[in-house]
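> Numbers given in this note's numbering equal positions in the sequence shown, counted from 1, plus 649.
Idealized CB from N, CA, C, for every residue including glycine.
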Amino acid sequence: ARDTFQMLHERGVYMEAKPFSLGFRIEHPQGLIDRSQFGKFAGHKLLGAADYKIVHHCSNGRSVYSFCMCPGGTVVAAASEPGRVVTNGMSQYSRKERNANAGIVVGITPDDFPGGPLAGIAFQRHWEERAFELGGGDYCAPGQRVGDFIAGRPSTALGSVEPSYKPGVHLTDLSTALPDYVIEAIREALPQIDKKLSGYAMDDAMLTGVETRTSSPIRVRRKDNYQSMNVEGLFPAGEGAGYAGGIYSAAIDGIKAAEALALDIMAQ
650 ARDTFQMLHE RGVYMEAKPF SLGFRIEHPQ GLIDRSQFGK FAGHKLLGAA
700 DYKIVHHCSN GRSVYSFCMC PGGTVVAAAS EPGRVVTNGM SQYSRKERNA
750 NAGIVVGITP DDFPGGPLAG IAFQRHWEER AFELGGGDYC APGQRVGDFI
800 AGRPSTALGS VEPSYKPGVH LTDLSTALPD YVIEAIREAL PQIDKKLSGY
850 AMDDAMLTGV ETRTSSPIRV RRKDNYQSMN VEGLFPAGEG AGYAGGIYSA
900 AIDGIKAAEA LALDIMAQ
């Protein structure tokens, strides 16, 4: 959608930068998450693969939270431009892959990337290019064991958790993969989350970078009638326009925008 953002901005459509999040994908054995969440009932055929939602408020004022948790799923490539690496996650209907994965991300605001409505896109691109470099420049993703990440040392070998990202993961030091305040927040959060979700900070859990597309970095401002603030007949809607944060909320916003469009047509 970045080319669309650029085109709309060049044509004078009113938009503004909005908050979003940056972080990594974290992978654990699905069995560990099942045991932590279900206890002695882990593995019961009626329960399936366990999921989780977590949040930690850090001493630096940032919040770390899980995003798009994928039980029994895989980490997938989501780059939309050459020379950049972006991760996301997915689960098949069966949810029976060996690992659980989720985004472990830190909220950021336009104060972190000043420079106008499209500054968030430039900020994302910078860190996506950095991930490409750290991954070896061949679209492998940079990765690190959680134990090494917390200790601040590069990873040189995998442990018991095999990362699922394709075409592969290049082991490295992720401390320069994102802004310092993001790294510090995630380092603080992981051991604290482990106190609530046993095993979360296990040494062999895998971090894969980077997760930059949690939500749109811009919002195309609209009026109460769902039309653009300054372009009549343009109905910004859904996640790309900055009004949703997932499949369901985007669908609901799309329905409301369609209803607003229908009312506008009937009033003509």
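Suppose contacts are defined by Cβ-Cβ distances below 9 Å. Is serine 740 in contact with leucine 846 by that definition?
The answer is no: Cβ separation not under 9 Å.
> Starting from the N-terminal side, write out each stretch of the alpha helix (DSSP H) that is 4 residues or longer and does not extend beyond the stretch 773-850.
For the stretch 773-850, whole alpha helix (DSSP H) runs of length 4 or above, ordered along the chain, are 795-800 and 829-843.
> Exposed or buried, which one is alanine 806 when buried takes at least 16 other CB atoms within 10 Å?
Classification of alanine 806: exposed, given that the 10 Å Cβ count is below 16.
> Please classify glutamine 773 as buried or exposed, where buried requires at least 16 other C-beta atoms within 10 Å of its C-beta.
Buried: at least 16 other Cβ atoms inside 10 Å.
> Does the separation of the CB atoms of glycine 891 and methionine 656 fall below 9 Å?
Against a cut-off of 9 Å, the Cβ pair of methionine 656 and glycine 891 comes out as no contact.
> Per DSSP, histidine 705 forms a beta bridge with which residues?
Val713, per the DSSP bridge assignment.
> Return the first residue and the last residue of the alpha helix (DSSP H) that phenylalanine 654 is part of.
Per DSSP, phenylalanine 654 belongs to the alpha helix (DSSP H) from 651-659.
> Should serine 729 be labelled buried (16 or more other beta-carbon atoms within 10 Å of its own) or exposed?
Looking at its Cβ environment, which holds fewer than 16 other Cβ atoms inside 10 Å, serine 729 is exposed.
> Enumerate in chain order the residues of its own chain whose CB-to-CB distance from tyrosine 849 is below 6 Å, with the five nearest sequence positions on each side excluded.
Correct list, in chain order: Ile842 and Asp843.
> What are the boundary residues of the alpha helix (DSSP H) that includes methionine 915?
From DSSP, the alpha helix (DSSP H) with methionine 915 extends over 896-915.
> Taking the straight line between their C-alpha atoms, what separation do you get for threonine 857 and leucine 912?
Going from the Cα of threonine 857 to the Cα of leucine 912 covers about 46 Å.
> Going by CA-CA distance only, name the one from Ser824, Gly672 and Ser809 that's closest to glycine 801.
Checked all of Ser824, Gly672 and Ser809; the closest Cα to glycine 801 is Ser824.
> By DSSP, does arginine 684 sit in helix, in strand, or in coil?
Three-state result, arginine 684: helix.
> What's the gap between the Cα of glutamine 876 and the Cα of proline 885?
Cα to Cα, glutamine 876 sits roughly 7 Å from proline 885.
> Buried or exposed: phenylalanine 716, going by 16 or more other Cβ atoms within 10 Å of its Cβ?
It is buried - the Cβ of phenylalanine 716 has at least 16 other Cβ atoms within 10 Å.
> List the DSSP bridge partners of leucine 671.
Val755.
> Starting from alanine 699 and walking both ways along the beta strand (DSSP E), at which residues does that stretch end?
Neither: alanine 699 is in no beta strand (DSSP E) and is coded neither H nor E.
> Let me see if you follow: with CB-CB separation under 9 Å, is methionine 878 close to chain C or not?
Absent from the structure: chain C. Only one protein chain is present.
> Measuring alpha carbon to alpha carbon, tell me which residue in Val734, Leu671, Val880 and Arg794 is nearest leucine 935.
Because residue 935 is not part of the residues shown, which for the chain are 650 to 917, the question remains open.
> Output the boundary residues of the beta strand (DSSP E) element that contains valine 859.
855-860 is the span of the beta strand (DSSP E), which, as asked, contains valine 859.
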